[in-house]
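Written below as structure tokens is the structure these notes are about.
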Amino acid sequence: MPKVIGKDTGATSHAAEFETRLGEAGELHQIAPENGDEGAVLTNQQGVPVADDQNTLRVGARGPALLEDFHFREKIFHFDHERIPERVVHARGYGVHGTFTLKESLAEFTRAKILTEVGETTPMFVRFSTVIGNKGSFDLARDVRGFAVKFYTKEGNWDIVGNNIPVFFIQDAIKFPDMVHAAKPAPDREFPQAQTAHDNFWDFITLTPESMHMIMWTMSDRAIPRSYRFMEGFGVHTFRLIDANGKGTYVKFHFKPRLGLQSVLWNEALKINGADPDFHRRDLWDAIDLGAPPIWDLGVQLFDDDFADQFEFDVLDATKIIPEEQIPVRIIGEFVLDGLVDNFFAETEQVAFCTQNVVPGVGFTNDPLLQGRNFSYLDTQLKRLGGPNFTHIPINAPRCPVHNFQQDGHMNMRNPKGRVNYEPNSWGGPRESPTTGYRHFEAAENGRKVQERPGTFSDHYSQARQFFISQTAIEQKHIGDALVFELSKCERIDIRERMVAHLRNIDERLALVVATGLGLPTLPAPAPAASPPLTTLPPSDALSIVKRAPGSFAGRKLGILVSDGAPAALVEALVEAVKSLPAVYEIITPKTAGAVLDDGTVAQAKQKIDGGPSVLYDAVVLALSPEGAAMLAKDKTAKDFVSDAFAHCKFIGYTSAAELLLTKAGIAPEDFDEGMIALEGPQDVPAFLAQCGQLRFWTREMAIDLDAAVFLENAGLD
Ligand code: HDE
Numbered sequence: 103m104p105k106v107i108g109k110d111t112g113a114t115s116h117a118a119e120f121e122t123r124l125g126e127a128g129e130l131h132q133i134a135p136e137n138g139d140e141g142a143v144l145t146n147q148q149g150v151p152v153a154d155d156q157n158t159l160r161v162g163a164r165g166p167a168l169l170e171d172f173h174f175r176e177k178i179f180h181f182d183h184e185r186i187p188e189r190v191v192h193a194r195g196y197g198v199h200g201t202f203t204l205k206e207s208l209a210e211f212t213r214a215k216i217l218t219e220v221g222e223t224t225p226m227f228v229r230f231s232t233v234i235g236n237k238g239s240f241d242l243a244r245d246v247r248g249f250a251v252k253f254y255t256k257e258g259n260w261d262i263v264g265n266n267i268p269v270f271f272i273q274d275a276i277k278f279p280d281m282v283h284a285a286k287p288a289p290d291r292e293f294p295q296a297q298t299a300h301d302n303f304w305d306f307i308t309l310t311p312e313s314m315h316m317i318m319w320t321m322s323d324r325a326i327p328r329s330y331r332f333m334e335g336f337g338v339h340t341f342r343l344i345d346a347n348g349k350g351t352y353v354k355f356h357f358k359p360r361l362g363l364q365s366v367l368w369n370e371a372l373k374i375n376g377a378d379p380d381f382h383r384r385d386l387w388d389a390i391d392l393g394a395p396p397i398w399d400l401g402v403q404l405f406d407d408d409f410a411d412q413f414e415f416d417v418l419d420a421t422k423i424i425p426e427e428q429i430p431v432r433i434i435g436e437f438v439l440d441g442l443v444d445n446f447f448a449e450t451e452q453v454a455f456c457t458q459n460v461v462p463g464v465g466f467t468n469d470p471l472l473q474g475r476n477f478s479y480l481d482t483q484l485k486r487l488g489g490p491n492f493t494h495i496p497i498n499a500p501r502c503p504v505h506n507f508q509q510d511g512h513m514n515m516r517n518p519k520g521r522v523n524y525e526p527n528s529w530g531g532p533r534e535s536p537t538t539g540y541r542h543f544e545a546a547e548n549g550r551k552v553q554e555r556p557g558t559f560s561d562h563y564s565q566a567r568q569f570f571i572s573q574t575a576i577e578q579k580h581i582g583d584a585l586v587f588e589l590s591k592c593e594r595i596d597i598r599e600r601m602v603a604h605l606r607n608i609d610e611r612l613a614l615v616v617a618t619g620l621g622l623p624t625l626p627a628p629a630p631a632a633s634p635p636l637t638t639l640p641p642s643d644a645l646s647i648v649k650r651a652p653g654s655f656a657g658r659k660l661g662i663l664v665s666d667g668a669p670a671a672l673v674e675a676l677v678e679a680v681k682s683l684p685a686v687y688e689i690i691t692p693k694t695a696g697a698v699l700d701d702g703t704v705a706q707a708k709q710k711i712d713g714g715p716s717v718l719y720d721a722v723v724l725a726l727s728p729e730g731a732a733m734l735a736k737d738k739t740a741k742d743f744v745s746d747a748f749a750h751c752k753f754i755g756y757t758s759a760a761e762l763l764l765t766k767a768g769i770a771p772e773d774f775d776e777g778m779i780a781l782e783g784p785q786d787v788p789a790f791l792a793q794c795g796q797l798r799f800w801t802r803e804m805a806i807d808l809d810a811a812v813f814l815e816n817a818g819l820d
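Residue numbers (my numbering): 103 to 820.
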């Protein structure tokens, strides 16, 4: 019996720690039938056993069907009604369970138990999503990612319906339908799907200068994340914490991934969408399934009216951030997402987030976007879930007592006893509680009834510029590349020019690079600015992904291309080293069965090379024998594997025999760079994996990408 490697793919070290989660979420599972049980009898919805589920009731074997066949009729009726309307935005998403643990009390600022009882754990559900694609679209669209969180607290459900980008396109909710219509497929042709590279989107954007800051973020690598696990989350709006005396403190919520931030390249995103449209959901499922659940720190930026008054921008304007250098993010707890759903529809599809779901001690501000959202989310749940009782669905039901006199309605699941259903009454509770009940912040409001944008909302460029200058050169280049790509898909030249005119208010070098990339004959005049753009805001390192690289390959995935006769000692050393990080690996071989290594060990393949392109991995190793390299050097797919890994700036480890494949893939020996590491044997593995911790060898992109020359010549980007 030969030795076998490649059966497990790594990342098991956390498994035991998180195995027993779910806790109260278990409720969900008790009411669900456990399909797959041996011996269970098939019944209809009334519980009547079914004798024949293969043939409809007919008059004679070849005769007409009978209406009397109630099992058939019920089965088809139910099937015909299986779908509910997909979300009008954020239709494609993926939800998982988790637990929040408070580490530091905010008792000084709020009475919310979830934020004051240190050590308490709170069950939660998180749904990640893209925004504009429909439910069946691909995961790697250039788009904002939703990061919606529901905490099942002891004082009721609290939802933070956030995104992975801390600002938004618009300042007032009244523009949301226009913005979404412009981004979604055009109404006549119903394309393009899940992308913003088209006239309608850029037409709206260039006529809406308040979107410029957000555009810098969506054109950056933040909009093509490598995984949900490597994304930050933001509550976006300024919310309010309220203490027992009714005193308010402004707060912005942040979620920071322990594994650090990471994104893919645009060319890679395009290829991932073809190779694995479910890339993000599979990644999350696999990580939790393998026992390496992702963890986020929950942080807050707290500030008072004095800060708000002296801050350069209006804290009610959702197109602005408060830089972390100005108000540091205070970490107060952590959440681990370690619970897979039992049923996608019951949980992920039916979960109903509402911004207005807050608990005592948490409140709102007058941010006009937030106020509009508080109105909108109830409406959308009614449409999608079909009635006012969507809070009875297990995933939406609070995990604390619920008592009120609301009654009846579609799909009511509650069965209150007794004769009293009004209040006040002489029969008994529930009664309101002035001490524990929710109290709104008593804001002093006074003003004329107007439809007017405050003057403090009028600076649309300064923070866009701040974001841009906070990026490393490679990230700046990617923003330029993305703008050129998207605008090149606009057929109307005036739209392209209008965008460049805005860019001139953000960064002249960026405007020049994009104008050059688009082939504009002249630079358009800068767009008129309602407020003169500030050039004094300092760069903020917290805004860059690359500046905050984790420096570790933990949580990432190594692709090991293995041929027959490859050195077993090397492959084994790689596998063990990856597992200990913990990270994961996949063995890719020319044939489905796997490969027989030089000592007879069988390397079991997770992927045949056609199904495992290098875009699916964070770094790759070419563990080839001379014969294997000679065979693969003739294969287009193998050459693509190598040339893509090189073009996507991945670290590449290779045996000396693999040099032949590299050369045939177009990477001549003189092109070999420091991101390519010769692996003579197991002794070279630690250094290789240490380098993979840099995640990408960015220097290469500047050397091999044609557009880099345009950047370096025109922009001198720093
Ligand atoms: Fe949403 N948004 N939104 N949104 N949003 C919805 O609610 C809406 C906004 C966000 O995983 C809908 O249940 C309006 C900002 C997420 O189920 C809908 C406005 C931010 C999700 C809706 C906004 C978000 C939604 C569609 C302008 C980031 C997915 C289905 C004022 C802070 C939640 C649904 C999930 C979903 C309305 C703007 C985030 C139609 C009117 C800003 C993450 O109600």
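Note that beta-carbon positions come from the ideal geometry of N, C-alpha and C, so glycine has one too.
For residue i, the three-state DSSP class (helix, strand or coil)
i       : result
Arg-123 : Reliability of the predicted coordinates at Arg-123 is poor, the pLDDT of 34 falling under 50, and no value is obtained from them.
Tyr-330 : helix
Gly-582 : helix
Ala-732 : helix
Ile-647 : coil
Pro-359 : strand
Ile-806 : helix
Ala-632 : coil
Val-552 : coil
Ala-844 : As displayed, the chain neither begins before 103 nor continues past 820, which places residue 844 out of reach and without an answer.
Ile-576 : helix
His-180 : helix
Pro-470 : helix
Tyr-479 : helix
Pro-79  : Because residue 79 is not part of the residues shown, which for the chain are 103 to 820, the question remains open.
Ile-495 : coil
Gly-200 : strand
Thr-320 : helix
Residue i classed as buried or exposed, judged by whether at least 16 other C-beta atoms fall within 10 angstroms
i       : result
Phe-253 : buried
Met-513 : exposed
Met-333 : buried
Asn-347 : exposed
Val-143 : exposed
Gln-364 : buried
Arg-398 : The sequence shown places Trp at residue 398, rather than the Arg named in the question. Per the 10 Å Cβ criterion, buried.
Gly-376 : exposed
Cys-456 : buried
Trp-529 : exposed
His-505 : exposed
Met-103 : exposed
Ser-716 : buried
Cys-502 : exposed
Inter-residue CB distance, residue i and residue j (contact presumed, cutoff 8 Å)
i       : j       : result
Asp-301 : Glu-593 : 6 Å
Phe-249 : Tyr-196 : About 11 Å separates the two Cβ atoms, so there is no contact after all.
Val-464 : Thr-212 : 7 Å
Lys-237 : Ala-193 : 4 Å
Ser-560 : Ala-627 : Their Cβ separation, rounded to whole angstroms, is 20 Å, which puts Ser-560 and Ala-627 out of contact at 8 Å.
Near ligand 2: residue i beta-carbon under 6 Å from a heavy atom
i       : result
Phe-293 : You won't find ligand 2 in this model; what it holds is ligand 1.
May I ask you to verify whether the segment 257 to 276 touches the segment 314 to 328, counting CB pairs closer than 8 Å and requiring at least 3? Short answer: they touch.
Considering only residues of the segment 221 to 294, which uninterrupted alpha helix (DSSP H) runs meet the minimum length of 4 residues and lie entirely inside it, listed in chain order? Counting whole runs of 4 or more residues, the segment 221 to 294 contains the alpha helix (DSSP H) stretches 278 to 285.
Quick one: any contact between the segment 721 to 740 and the segment 657 to 676, if contact means 3 or more CB pairs under 8 Å? By the Cβ rule, the segment 721 to 740 counts as touching the segment 657 to 676, because three or more pairs are nearer than 8 Å.
With three or more C-beta pairs closer than 8 Å as the rule, is the segment 335 to 346 touching the segment 259 to 266? The segment 259 to 266 is in contact with the segment 335 to 346.
Mind listing, in chain order, the continuous beta strand (DSSP E) runs of no fewer than 3 residues lying wholly within the segment 361 to 423? 397 to 405, all fully within the segment 361 to 423.
Quick test of the definition: if touching needs 3 or more C-beta pairs under 8 Å, does the segment 358 to 368 touch the segment 163 to 182? Touching, no.
Runs of 4 residues minimum, wholly inside the segment 722 to 801: which ones carry the alpha helix (DSSP H) assignment? Segments of the alpha helix (DSSP H) lying fully in the segment 722 to 801: 728 to 734, 738 to 749, 761 to 766, 787 to 794.
Evaluate contact between the segment 790 to 810 and the segment 686 to 698, counting only Cβ atoms and requiring at least three cross-stretch pairs below 8 Å. Taking one beta carbon from each stretch, the segment 790 to 810 and the segment 686 to 698 have fewer than 3 pairs nearer than 8 Å; the two do not touch.
Three or more C-beta pairs under 8 Å: does that hold for the segment 691 to 701 against the segment 666 to 680? Yes: at least three Cβ pairs fall under 8 Å.
The segment 546 to 553 in contact with the segment 772 to 789 per 3-pair CB rule at 8 Å: No: the two stretches stay apart, fewer than three of their Cβ pairs being nearer than 8 Å.
May I ask you to verify whether the segment 187 to 206 touches the segment 216 to 232, counting CB pairs closer than 8 Å and requiring at least 3? Between the segment 187 to 206 and the segment 216 to 232 there are three or more inter-stretch CB-CB distances shorter than 8 Å, so the stretches are counted as touching.
Across the segment 441 to 455 and the segment 488 to 498, are there enough close Cβ pairs to call them in contact, namely three or more that are closer than 8 Å? The segment 441 to 455 and the segment 488 to 498 touch, with no fewer than 3 CB-CB distances between them shorter than 8 Å.
Stretch-stretch touch, CB-based, cutoff 8 Å, three pairs: the segment 558 to 570 with the segment 628 to 643: Proximity of the segment 558 to 570 to the segment 628 to 643 meets the contact definition, three or more beta-carbon pairs being nearer than 8 Å.
Would you check if the segment 481 to 489 and the segment 352 to 359 touch, i.e. whether three or more CB-CB distances between them fall below 8 Å? At 8 Å Cβ cutoff, the stretches do not touch.
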